[in-house]
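Asks:
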Amino acid sequence: MSRTCNLCGQDNFAVYLNGFPEEKRGILKCQNCGLLVTDPFPTREEIVLAYQDEFYGKKRSQRFGNLLEKAVYLFRWARAYRIKRLFKPGRVLDVGCGRGITLYFLKKWGWDCTGTQLSRNAAEYARRTFGLKILEKDLLETRFEEGSFDLVILAHVLEHVPYPIAYLREINRILKKKGALILELPNAGNLFIGTFKEKWFGWDLPRHLYHFTPRTINQMLSQTGFKAVKKDNFSLEYAPYVLLQSSLNMIFKQRDLLFEIVKSSETRKSSNVPMSRIIFQLIAAGILFVPTLLVSIGESLSGLGDIMGFWCIKRSGLRKGM
70 MSRTCNLCGQ DNFAVYLNGF PEEKRGILKC QNCGLLVTDP FPTREEIVLA YQDEFYGKKR
130 SQRFGNLLEK AVYLFRWARA YRIKRLFKPG RVLDVGCGRG ITLYFLKKWG WDCTGTQLSR
190 NAAEYARRTF GLKILEKDLL ETRFEEGSFD LVILAHVLEH VPYPIAYLRE INRILKKKGA
250 LILELPNAGN LFIGTFKEKW FGWDLPRHLY HFTPRTINQM LSQTGFKAVK KDNFSLEYAP
310 YVLLQSSLNM IFKQRDLLFE IVKSSETRKS SNVPMSRIIF QLIAAGILFV PTLLVSIGES
370 LSGLGDIMGF WCIKRSGLRK GM
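All residue numbers in the sequence shown are consecutive under our numbering, ending with 391.
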């Protein structure tokens, strides 16, 4: 089946990885620009099933157990606090805002907050709990006015969308002239990708449609009128866990089992994981935790960590229609 690259427009793809039998999918690589693409793309029905109450519980919209939920709040506070230190309060849009925790803290510090979130459970939680304005729409359906926002947050969203170029162009359009974009996403060009291959936790098929490297995301930012003024190579929230789960995937046959275990009991019900597997997985995770944390820090210092973040500003002189 012919496919046109979303980044360079060419149709020269080759198989990059093909070892995902459960998902019945593989990953293709554009031979021109290097962009990695899930193949085949899931249908709309498959996407709905992939997200159906998997990330957020039906009742409380809680994704993990109580202890990890506290950690999630701490990490979201840290992200919001960093924004508070670097930017004056203004209008902020969090695309794919989840339960709105980051926006909750920014709202307390004087920001005018808006979020988009397709999960009804998560959106209702954010409205009910934090009093936030949340639109249950895709960004491309929101029709915000040009120059509406001082800041847009796009954290672990771009890899999920079928048209990343269109997303970034729309964000550029709705940002003010001196607006900024905070972007965070998995790094498919990390130091150990050649070791983990299909076992890398960051692939997350079929939910992740595109898989970016520093080269391809920088090309995409440049094409859509952004300039990265700062790069983060380490995320304490995500990077150590990605490396830990990837290491466990190399040891155990069942992929991403630790992730199933740490979900809240409500979201874990359908997993039916035998207790013996849970015990062995937790023992192995306990043994590997400190080593993978240290290796993750070293990996990030090399500039090739599992997560990459970019603080971007709009470039002047972007041509209309780009």
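Every residue, glycine too, gets a C-beta built ideally from N, C-alpha and C. As the structure is a prediction and not an experimental result, all values here were calculated from the model.
If you draw a straight line from the C-alpha of I352 to the C-alpha of V342, how long is it?
Replies: Mapped onto the sequence shown, residue 352 falls at position 283. Mapped onto the sequence shown, residue 342 falls at position 273. Each residue's Cα considered, the two are about 15 Å apart.
Asks: Is F213 buried or exposed, if buried means 16 or more other CB atoms sit within 10 Å of its CB?
Replies: On the sequence shown, position 144 is the one that residue 213 refers to. Looking at its Cβ environment, which holds 16 or more other Cβ atoms inside 10 Å, F213 is buried.
Asks: Quick one: what's A297 bridged to in DSSP?
Replies: Along the sequence shown, one-based indexing puts residue 297 at 228. Beta-bridge pairing links A297 to C381.
Asks: Just to confirm my understanding: we take S316, look at its own chain, exclude 5 residues before and 5 after, and list those with CB closer than 7 Å. What are they?
Replies: Translated into the one-based positions of the sequence shown, residue 316 becomes position 247. For S316, where only same-chain residues beyond five positions count, the Cβ hits under 7 Å are L357, T361.
Asks: Excluding sequence positions up to five away, which residues of its chain have a Cβ less than 6 Å from the Cβ of G378?
Replies: By 1-based counting over the sequence shown, the position of residue 378 is 309. The residues are E253, D301.
Asks: What do you get for G88, buried or exposed, if any count of 16 or more other CB atoms within 10 angstroms of its CB means buried?
Replies: Walking along the sequence shown from the start, residue 88 turns up at place 19. With fewer than 16 Cβ atoms within 10 Å of its Cβ, G88 is classed as exposed.
Asks: When you compare the CB positions of L201 and V221, do they come within less than 8 Å of one another, or not?
Replies: As a first step, residue 201 is located in the sequence shown; it is residue number 132 there, counting from the start. As a first step, residue 221 is located in the sequence shown; it is residue number 152 there, counting from the start. No.
Asks: Going by C-alpha distance, which of A149, R154, V226 is nearest D207?
Replies: The count along the sequence shown starts at 1 and reaches residue 207 at position 138. Residue V226 is the option with its Cα nearest to D207.
Asks: Relative to the C-alpha of H280, which residue among R72, I347, Y85 is closest?
Replies: Here residue 280 corresponds to residue number 211 of the sequence shown, with the count starting at 1. For the residues R72, I347, Y85, the minimum Cα distance to H280 belongs to Y85.
Asks: Go ahead and label S371 buried or exposed: buried means 16 or more other beta carbons lie within 10 angstroms of its beta carbon, across all protein chains shown.
Replies: Here residue 371 is taken as the residue at index 302 of the sequence shown, counted from 1. By the neighbour-count rule (16 or more Cβ atoms within 10 Å), S371 is not buried but exposed.
Asks: If you run the structure through DSSP and keep just helix, strand and coil, what is V230?
Replies: Translated into the one-based positions of the sequence shown, residue 230 becomes position 161. Correct three-state label for V230: coil.
Asks: Tell me the residue span of the beta strand (DSSP E) that contains P255.
Replies: Translated into the one-based positions of the sequence shown, residue 255 becomes position 186. From DSSP, the beta strand (DSSP E) with P255 extends over 244-255.
Asks: Name the residue from I243, L313, F328 whose alpha carbon lies nearest to the alpha carbon of L137.
Replies: Position 68 of the sequence shown, counted from the start, is the residue given in the question as residue 137. Answer by Cα proximity: F328.
Asks: Less than 7 Å between C-beta atoms, sequence neighbours within five positions excluded: which residues of the same chain meet that for P233?
Replies: If you number the sequence shown from 1, residue 233 lands on position 164. Here the set comprises N75, L227, Y279, M289.
Asks: Check each candidate in A235, L172, C77, F303 and name the one with the smallest Cα separation from E210.
Replies: The residue given as residue 210 occupies position 141 in the sequence shown. Among A235, L172, C77, F303, the Cα nearest to that of E210 is on A235.
Asks: Pop quiz: V164 and L105 are said to be a contact at Cβ under 8 Å. What is the actual Cβ separation, rounded to whole angstroms?
Replies: Along the sequence shown, one-based indexing puts residue 164 at 95. Along the sequence shown, one-based indexing puts residue 105 at 36. About 22 Å separates the two Cβ atoms, so there is no contact after all.
Asks: What are the boundary residues of the alpha helix (DSSP H) that includes K93?
Replies: The count along the sequence shown starts at 1 and reaches residue 93 at position 24. No alpha helix (DSSP H) holds K93; DSSP gives it neither H nor E.
Asks: Taking G184 as part of the alpha helix (DSSP H), name the residues at either end of that continuous run.
Replies: Here residue 184 refers to the residue found at position 115 of the sequence shown. Note, G184: premise wrong, no alpha helix (DSSP H); beta strand (DSSP E) at 181-185.
Asks: Between P283 and G258, which are expected to be in contact by the criterion C-beta below 8 Å, what is the C-beta distance as a whole number of angstroms?
Replies: Along the sequence shown, read from residue 1 onward, the residue named residue 283 stands at position 214. Along the sequence shown, read from residue 1 onward, the residue named residue 258 stands at position 189. 6 Å between Cβ atoms; contact.
Asks: What residue range is occupied by the uninterrupted beta strand (DSSP E) comprising L223?
Replies: Taking the first residue of the sequence shown as 1, we reach residue 223 at position 154. Start and end: 218-224.
Asks: According to DSSP, is K157 part of a helix, a strand, or is it coil?
Replies: On the sequence shown, position 88 is the one that residue 157 refers to. The answer is coil: DSSP assigns K157 none of H, G, I, E or B.
Asks: Cβ-heavy atom distance between K206 and the ligand ADP below 7 Å?
Replies: Only the bare structure without any ligand can be found here, which leaves the ligand ADP out of the picture.
Asks: Leaving out five residues on either side along the sequence, give the residues of the same chain with a beta carbon under 6 Å from the beta carbon of G179.
Replies: Counting from 1 along the sequence shown, the entry for residue 179 is found at position 110. So the qualifying residues of the chain are P158.
Asks: Whole angstroms are fine: how far does the CA of S304 sit from the CA of F321?
Replies: In the sequence shown, counting from the first residue as 1, residue 321 sits at position 252. In the sequence shown, counting from the first residue as 1, residue 304 sits at position 235. Answer to the nearest angstrom: the Cα atoms are 25 Å apart.
Asks: Near P309, what residues of its chain come up, given a Cβ to Cβ distance below 7 Å and the 5 sequence neighbours on each side ignored?
Replies: On the sequence shown, residue 309 is found 240 positions in, with the first residue counted as 1. Answer for P309: T361, L362, S365, listed in chain order.
Asks: Could you tell me which of G367, V298, G294, R145 sits nearest to W380, measuring between CA atoms?
Replies: Stepping through the sequence shown from its first residue, residue 380 is reached at position 311. Closest by alpha carbon: V298.
Asks: Leaving out the 5 sequence neighbours to the left and right, which residues in its chain are closer than 8 Å to F156 when beta-carbon positions are compared?
Replies: Residue mapping note: residue 156 aligns to position 87 of the sequence shown, counting from 1. If we look at F156 and ignore the five residues flanking it on each side, its Cβ neighbours are D219, L220, A249.
Asks: Leaving out five residues on either side along the sequence, give the residues of the same chain with a beta carbon under 7 Å from the beta carbon of I262.
Replies: Along the sequence shown, one-based indexing puts residue 262 at 193. Around I262: W269.
Asks: To the nearest angstrom, report how far apart H277 and R113 are at their CA atoms.
Replies: On the sequence shown, residue 277 is found 208 positions in, with the first residue counted as 1. On the sequence shown, residue 113 is found 44 positions in, with the first residue counted as 1. Using only the alpha carbons, I get a separation of about 14 Å.
Asks: Given that a residue counts as buried once 16 or more other Cβ atoms are within 10 Å of its Cβ, and exposed if not, what is D375?
Replies: As a first step, residue 375 is located in the sequence shown; it is residue number 306 there, counting from the start. Buried: at least 16 other Cβ atoms inside 10 Å.
Asks: Roughly how many angstroms lie between the CA atoms of I286 and T107, to the nearest whole one?
Replies: Numbered from its first residue, the sequence shown carries residue 286 at position 217. Numbered from its first residue, the sequence shown carries residue 107 at position 38. If you take the alpha carbons of I286 and T107, they lie about 16 Å apart.
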